[in-house]
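As numbered in my numbering, the sequence shown has no gaps in its residue numbers, which increase by one up to the final residue, 579. For each residue, glycine too, the CB sits at the ideal point set by N, CA and C. In this text the structure is predicted, and so the values were computed from the model without any measurement. Here's the structure we're looking at; comments come further down.
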Amino acid sequence: MPYRFISYIWLLIISGLMTIFLGIYALVRCRRSKGAISFAISMFIVTLWSIPNAMEMSATVLDVKLFWANVQYIAYCFSPVVMFILCLEFTDYEKGLNIKKLIWLFIIPTVTIMLIWTDKYHGLVRYGFQMDYSGAFPVIKKQYGPFFYIHALHSHVLNLSAIWILLTTVIKRKAIYRKQAIALLIGVSLIVIPNLLYITGLSPIKGYDITPVFFGPAGIIIAWSILRYRMFDLVPLARATVIENMEVGVMVLDLQDRILDINPVLINIIGLPIEQITSRYIQDVCNHIPELLDLFYNESISRTEFSIVKPDRHEIYEALLSVLKDSNGNEIGRIVVVYDITEKKLIEKEFYDRQWKQAVRDERLRMVRDLHDNLGQVLGYINLQAQAVQKELRDAGIGVYSDKLDKLVEVAQKSHQQIREYIRDVRNSELIEIDFIAALNKEITNYELQTAINVNRKITPEFRDAVISPNVRIHILNIIKEALNNVRKHAEAENLFLTCDIEENNLTVIISDDGKGFENKHMKDKARQSFGLKIMHERVSEMGGILDIDSKPGKGSRIRLRVPLERGMDISEIQGYDS
1 MPYRFISYIW LLIISGLMTI FLGIYALVRC RRSKGAISFA ISMFIVTLWS
51 IPNAMEMSAT VLDVKLFWAN VQYIAYCFSP VVMFILCLEF TDYEKGLNIK
101 KLIWLFIIPT VTIMLIWTDK YHGLVRYGFQ MDYSGAFPVI KKQYGPFFYI
151 HALHSHVLNL SAIWILLTTV IKRKAIYRKQ AIALLIGVSL IVIPNLLYIT
201 GLSPIKGYDI TPVFFGPAGI IIAWSILRYR MFDLVPLARA TVIENMEVGV
251 MVLDLQDRIL DINPVLINII GLPIEQITSR YIQDVCNHIP ELLDLFYNES
301 ISRTEFSIVK PDRHEIYEAL LSVLKDSNGN EIGRIVVVYD ITEKKLIEKE
351 FYDRQWKQAV RDERLRMVRD LHDNLGQVLG YINLQAQAVQ KELRDAGIGV
401 YSDKLDKLVE VAQKSHQQIR EYIRDVRNSE LIEIDFIAAL NKEITNYELQ
451 TAINVNRKIT PEFRDAVISP NVRIHILNII KEALNNVRKH AEAENLFLTC
501 DIEENNLTVI ISDDGKGFEN KHMKDKARQS FGLKIMHERV SEMGGILDID
551 SKPGKGSRIR LRVPLERGMD ISEIQGYDS
């Protein structure tokens, strides 16, 4: 028989099975990814090295050994070319090359294959074939012709160029791509170095090329890179120009919430060194930004806002989360893009401040019109009628009644004059050039001075930072003022408690006192009789909110106002302003 069993061939068979499996995997699962086709072809080609090498090793006849040796030259010649192209694609260096330039790389390998199969006629590649039985198994002893050195030079220039490209990538790349490049560099080196040692005669095993034995370890390392770092799911496509230089923050996560990549903008936002970010879990890196963590772990939201306090400024950011999918629609990771919206928020705040001031002016002008059209006219009418009655009584000689009417006329005239002056002052001045919280605090301070009732206030940071539309602010402020006025007039309280907060996506205001209280069953009667309560309910209705009033005799009273936050933010006004 022309073959005999040699135990060493199992290493070669296992290596060949691994490389052919990796090639099929790359074609089936990653064929649309950049570099996957080159990787698959290179795996199939090196399989033509390891399996035929096993057949050559077990062969006992020179012609059979020579046949399998010639088959291996397909891998000898083309694997350096394909591996070089793979490295170019992985590192994105292939931009400067086109198909015409790459075809030149295949000329010497093709000529070499043609010469190999016709060696016995010219000996340009090999000559002087004979069997060498001095080792553990017979091998082919041969001499090399001149074209062999051309082929060897061509192959190893490509191999060393591939290693150089990967080395520069390891030095320059950041994050997960460096680890991918290291894995690919080790895999290529395990193929190149043993073969180079064999050709130069420096191999520790004389007369036999052990390169195919290393295909197995190289395949394991590359397979680990594929599974651990998802090499072909997230190949660095023009990363330096697309992600590295973007003005927004970008971060890529795998399905286990590990950070695969992050650009300098987001590194600066997070404020940690790159070594403490890459390949770490998101919860370990962003634990000081709870809003960002909530974006990743709360499936109901895809955007959020968070703020970072720096020594020189307070920065506000918007984060948008998207799912990364492969060509088959399978999730392979997630990407978050972070925008600096500090300037937008400042413009938005300025817009709301202007709207707030205008709303205050409109409210005061409405009150002025009401005073002028109602109370002002009533006081004017009383003044005129009192003067008329006064004249008639004086003409009739009824002096005692005339003195009392004099006081009534004087009071009516002074009140009418004060109303007119107030109307004039409101119309001719810029009023309330302060924000909502400042206006509320001023009202409370004046209330404490006038009533001697202590007001304990709690205004949460969430409420302070909420962007509330001017009309809603006016309504809330007037409801609070009316509630405080009711406490002053009816509650006989010593202490009053005011809480402003955001609860369950609602603007919430709670006003309670330690006064005498009243029976809840009389609430409807009070609402019908009290003009102030009626106005409060009308304001709440305009905001689309809910007003609850609770009281017990001897236990004080409690008013709770809830307004949906989306109504309070008045998004339509923002959009109208931006357009």
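As assigned by DSSP and simplified to three states, the class of L496: Translated into the one-based positions of the sequence shown, residue 496 becomes position 496. In this structure, L496 counts as strand in the three-state DSSP scheme.
Rounded straight-line distance, which links the Cα of E315 to that of V309: In the sequence shown, the residue the question calls residue 309 occupies position 309. In the sequence shown, the residue the question calls residue 315 occupies position 315. Taking the CA atoms as reference points, V309 sits about 6 angstroms from E315.
P2 versus K142, W68 and I468, residue with shortest Cα-Cα distance: Position 2 of the sequence shown holds residue 2. Taking the Cα of P2 as reference, the smallest distance to any Cα among K142, W68 and I468 is reached at W68.
Whole-angstrom distance between E275 and R361, CA atom to CA atom: Against the sequence shown, residue 361 aligns to sequence position 361. Against the sequence shown, residue 275 aligns to sequence position 275. Rounded to the nearest angstrom, the gap between the Cα atoms of R361 and E275 is 56 angstroms.
I535 burial status per 10 Å Cβ neighbour count (16 or more: buried): In the sequence shown, residue 535 corresponds to position 535, counting from 1. By the 10 Å Cβ count, I535 comes out exposed.
Distance between beta carbons of G544 and S512, contact taken as under 8 angstroms: As a working mapping, residue 512 is identified with position 512 in the sequence shown. As a working mapping, residue 544 is identified with position 544 in the sequence shown. Between S512 and G544, the beta carbon gap of about 24 angstroms keeps them out of contact (Cβ cut-off 8 angstroms).
Nearest-angstrom beta carbon gap, A162 and F84 [assumed within contact, 8 angstroms]: Position 84 of the sequence shown, counting from 1, holds the residue named residue 84. Position 162 of the sequence shown, counting from 1, holds the residue named residue 162. About 5 angstroms; that satisfies the 8 angstroms criterion.
Simplified DSSP assignment, three categories, for L561: In the sequence shown, the residue the question calls residue 561 occupies position 561. It is a strand residue.
Pair within 8 angstroms by beta-carbon distance, V82 and I41: For the purposes of this step, residue 82 is taken as residue 82 along the sequence shown, with counting starting at 1. For the purposes of this step, residue 41 is taken as residue 41 along the sequence shown, with counting starting at 1. By the CB criterion at 8 angstroms, V82 and I41 fall inside the cutoff.
Between the CA atoms of I193 and L22 - distance to the nearest angstrom: The count along the sequence shown starts at 1 and reaches residue 22 at position 22. The count along the sequence shown starts at 1 and reaches residue 193 at position 193. If I take the Cα positions, the gap works out to 21 angstroms.
Top-ranked residue by Cα proximity to F351, from I20, V467 and E318: Here residue 351 is taken as the residue at index 351 of the sequence shown, counted from 1. Out of I20, V467 and E318, V467 has the C-alpha closest to the C-alpha of F351.
Contact set for V170: own chain, Cβ-Cβ below 8 angstroms, skip 5 residues either direction: Numbered from its first residue, the sequence shown carries residue 170 at position 170. Excluding positions up to five away in sequence, the list reads R178, A181, I182 and L185.
Inter-stretch contact (C-beta, 8 angstroms, three-pair minimum) for the segment 492-510 and the segment 449-467: Touching, yes, given that three or more Cβ pairs across the two stretches are closer than 8 angstroms.
Continuous alpha helix (DSSP H) stretch holding V250: start and end: On the sequence shown, position 250 is the one that residue 250 refers to. V250: not part of any alpha helix (DSSP H); member of the beta strand (DSSP E) spanning G249 to L253, first to last residue.
Candidates A493, M131, F44 and V46: closest to A59 by CA position: Taking the sequence shown and counting its residues from 1, one reaches residue 59 at position 59. When the alpha-carbon of A59 is set against those of A493, M131, F44 and V46, the nearest one is in M131.
C-beta contact flag for C77 and T118 at 8 angstroms: Here residue 77 is taken as the residue at index 77 of the sequence shown, counted from 1. Here residue 118 is taken as the residue at index 118 of the sequence shown, counted from 1. No, the pair does not count as a contact, with Cβ atoms beyond the cut-off.
From P470, P564, M367 and N298, residue whose alpha carbon lies closest to that of D353: Taking the first residue of the sequence shown as 1, we reach residue 353 at position 353. Comparing alpha-carbon positions, the option among P470, P564, M367 and N298 lying closest to D353 turns out to be P470.
H154 burial status per 10 Å Cβ neighbour count (16 or more: buried): Stepping through the sequence shown from its first residue, residue 154 is reached at position 154. Result: buried.
From H475, V323, L166 and S79, residue whose alpha carbon lies closest to that of T211: Position 211 of the sequence shown, counted from the start, is the residue given in the question as residue 211. If we check each option's Cα against that of T211, S79 comes out closest.
Alpha helix (DSSP H) segments (min. 4 residues) lying fully within the segment 99-158: Listed in chain order, the complete alpha helix (DSSP H) runs (minimum 4 residues) inside the segment 99-158 are 99-103, 107-116 and 119-122.
Close Cβ partners of G128 (< 7 angstroms) along its chain, the five nearest in sequence each way excluded: The count along the sequence shown starts at 1 and reaches residue 128 at position 128. Hits under 7 angstroms: K142 and Q143.
Residue from F518, H151 and L449 with nearest C-alpha to L105: For the purposes of this step, residue 105 is taken as residue 105 along the sequence shown, with counting starting at 1. It is H151.
Nearest residue (CA-CA) to N213, options D550, L295 and S50: Taking the first residue of the sequence shown as 1, we reach residue 213 at position 213. The sequence given here places Val at residue 213; Asn does not occur at that position. When D550, L295 and S50 are compared, the shortest CA-CA separation from V213 is found for S50.
Environment of V157 [buried if 16+ CB atoms lie within 10 Å]: Along the sequence shown, one-based indexing puts residue 157 at 157. Only exposed fits V157, as fewer than 16 other CB atoms lie within 10 angstroms of its CB.
7 angstroms CB neighbourhood of I269 in its chain, flanking five on each side removed: Taking the first residue of the sequence shown as position 1, residue 269 is located at position 269. Hits under 7 angstroms: G249, I308, Y317 and V338.
DSSP state of I262 mapped onto helix, strand, coil: Counted from its first residue, the sequence shown places residue 262 at position 262. Here I262 sits in strand by DSSP.
Buried or exposed by the 16-neighbour rule on C-beta atoms within 10 Å, applied to H475: Counting from one through the sequence shown, the residue named residue 475 turns up at place 475. Buried, because 16 or more other Cβ atoms sit within 10 Å of the Cβ of H475.
Pairwise C-alpha distance: T304 and H288: Here residue 288 refers to the residue found at position 288 of the sequence shown. Here residue 304 refers to the residue found at position 304 of the sequence shown. Taking the straight line joining both Cα atoms gives about 15 angstroms.
According to DSSP, residues forming a beta bridge with T508: For the purposes of this step, residue 508 is taken as residue 508 along the sequence shown, with counting starting at 1. D501 and R562.
Proximity to I453 [Cα-Cα], best of N478, L496, F463 and K481: Position 453 of the sequence shown, counting from 1, holds the residue named residue 453. I453 has its Cα closest to that of L496, out of N478, L496, F463 and K481.
The alpha helix (DSSP H) enclosing A439, as first and last residue numbers: The residue labelled residue 439 in the question sits at position 439 within the sequence shown. A439 -> alpha helix (DSSP H) spans F436 to T451.
Pairwise C-alpha distance: E331 and I549: The sequence position of residue 549 within the sequence shown is 549, counting from 1. The sequence position of residue 331 within the sequence shown is 331, counting from 1. CA-CA distance, I549 to E331, rounds to 52 angstroms.
Inside the segment 307-349 only - beta strand (DSSP E) runs reaching at least 3 residues: Correct list: 314-325 and 331-340.
Minimum C-alpha distance to K65 - residue among A75, N53 and W224: Indexing the sequence shown from 1 puts residue 65 at position 65. Looking at the Cα atoms, N53 is the closest of the given residues.
Residues near T451 by beta carbon distance below 7 angstroms, same chain, minus five either side: Along the sequence shown, one-based indexing puts residue 451 at 451. Taken in chain order, the residues that qualify are R488.
Alpha-carbon spacing of I480 relative to I559, whole angstroms: Counted from its first residue, the sequence shown places residue 480 at position 480. Counted from its first residue, the sequence shown places residue 559 at position 559. Cα to Cα, I480 sits roughly 10 angstroms from I559.
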